[in-house]
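Here's the structure, in structure tokens; my notes come after.
In structure tokens:
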């Protein structure tokens, strides 16, 4: 397919959420996954080489066109909105959930030493954290985990891309 | 008292303790418990004198500190030599909390979508408009929709599974949880794959119950159109 690159670029441009190679393969049936992957990386390189304001981000198991961080100030002005920021309490709670999932509310509270009902609710509403199920212990408490949107927002391919707590400690020392 | 208090900055008793430890340049494994307890209590006093609501967690930690302090005053007998230093559990807790504080800071340095990097904005106004013209459905219309679904399935597509008795309240909780997170769910999404009769019936009974309790609302934009379920009270 000679126009494979154009097709993929178009779809990635329009896709609302990061689009996976698998999903692209379902649309472009004539192309192999390997081919699609190759083209995606070519696109990525091209955007980088010509120093475009856009780049192909590899996040949450898919690909997404985003504006570069250097454009941040202008985009914020253009959109005229305050960027979404999370409070320190929310970030800490999110970090605990991200590293220790699946985790119960009581376990988060034990680590943070405070009640997390409010922050947890906020994270659920922002769809960064979700209920993954119930623990098979008396009372069947709810257990929480992070969402795909968490990966998307925090620019992560998958959870394994997070530095380990040990690595973070070594960086800090 | 010469303390400059930035109360909002403390994320709880552990955070306050870490701050005191850092301020006094103390080794976390060897906390001079008397000094730290004293300073900690002074902070709490200041918080109280400012008429700030001192969260219960701060008081629990104060009690813990005093307990550790009193334990350390007790003479150590030879036969209890293996007993762990009363400060050890606290040190572990502080170190763990510190690790997650660092993890949170690290998350904050990433290119965050909507703050540092941006994606195309999608106009969801159309959808919102659609919601506005949706008609609220009566229980009878829901029953009719259910009948249509059951009728559309050939009986041999049912897999009869002898599952453990499902409880209606579990199903109700499941639906409420899902709605809290997803805000809107379509009727067919809730029913799931149409091959488990019991599952379908229970889901439907739970829906009816929730409509009756006015906890959820069902909307439809046209007859036989997609049925959307919302929470009645926006949380």
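Residue numbers (the numbering used here), protein chains in the order written: chain A, 5 to 177; chain B, 533 to 767. Just so it is clear, CB atoms sit at the ideal spot from N, CA and C, and this is done for glycine as well. Predicted, not measured: the structure shown is a model, and the values here were computed from it.
In this structure, the straight-line span from the alpha carbon of residue 591/B to that of residue 582/B is close to 16 Å.
Contact fails between the segment 731-743 of chain B and the segment 646-654 of chain B, because fewer than three Cβ pairs, one in each stretch, are under 8 Å apart. In this structure, the alpha-carbon of residue 737/B lies about 27 Å from that of residue 142/A.
Residues of chain B with a Cβ closer than 7 Å to the Cβ of residue 76/A are, in chain order, 648.
Assignment of residue 160/A by DSSP, reduced to helix, strand and coil, places it in the coil class.
Chain A has no Cβ within less than 8 Å of the Cβ of residue 721/B. A Cβ-Cβ separation of about 5 Å places residue 113/A in contact with residue 120/A under the 8 Å criterion.
Neighbours of residue 103/A across chain B, judged by C-beta separation under 8 Å: 632 and 635. Residue 65/A is a Cβ neighbour of residue 22/A, given a cutoff of 8 Å. Using beta-carbon distances, residue 55/A does not count as an interface residue toward chain B, since no partner is under 8 Å.
Residue-level contact by beta carbon fails for residue 575/B and chain A, as no gap is shorter than 8 Å. For residue 117/A, the C-beta contacts it makes with chain B under 8 Å involve 544, 545, 546, 547, 589, 593, 625 and 629, in order along the chain. Straight-line spacing of the CA atoms in residue 165/A and residue 570/B works out to 42 Å. In the DSSP assignment, residue 126/A falls within the alpha helix (DSSP H) that extends over 121-129.
C-alpha of residue 138/A to C-alpha of residue 148/A: approximately 9 Å in a straight line. Nearest neighbour of residue 672/B by Cα position, chosen from 751/B, 598/B, 618/B and 626/B, turns out to be 751/B. It is roughly 10 Å from the alpha-carbon of residue 722/B to the alpha-carbon of residue 759/B.
For residue 632/B, there is no enclosing beta strand (DSSP E); the enclosing alpha helix (DSSP H) has its first and last residue at 620-640. At a cut-off of 8 Å, the C-beta of residue 87/A has a neighbouring C-beta in chain B.
Residue 61/A: member of the beta strand (DSSP E) spanning 58-63, first to last residue. Taking the Cα of residue 595/B as reference, the smallest distance to any Cα among 556/B, 566/B, 578/B and 724/B is reached at 566/B. Contact note: residue 79/A reaches chain B through 649 and 650, using a C-beta cutoff of 9 Å and chain order. Take the alpha-carbon of residue 122/A and the one of residue 50/A: they are about 44 Å apart. Counted as a single uninterrupted DSSP element, the alpha helix (DSSP H) harbouring residue 571/B occupies residues 565-581. Between residue 161/A and the set 62/A, 15/A and 36/A, the nearest pair of CA atoms involves 62/A.
Not flagged as an interface residue toward chain A: residue 617/B, since no C-beta distance is shorter than 8 Å. The beta carbons of residue 560/B and residue 568/B sit about 11 Å from each other, so the pair does not count as a contact at 8 Å. When DSSP states are grouped into helix, strand and coil, residue 738/B belongs to the helix group. Excluding five sequence positions before and after residue 542/B, the CB atoms of its chain that fall closer than 8 Å to its own CB belong to 548 and 551, given in chain order. In chain B, no part has a C-beta under 9 Å from the C-beta of residue 47/A; the shortest such distance is about 16 Å. Shown here, residue 604/B sits in a helix according to DSSP, grouped into three states. Residues 28, 32, 40, 43, 44 and 47 of the same chain have their beta carbon placed closer than 8 Å to that of residue 12/A, with the five preceding and five following residues left out of the count.
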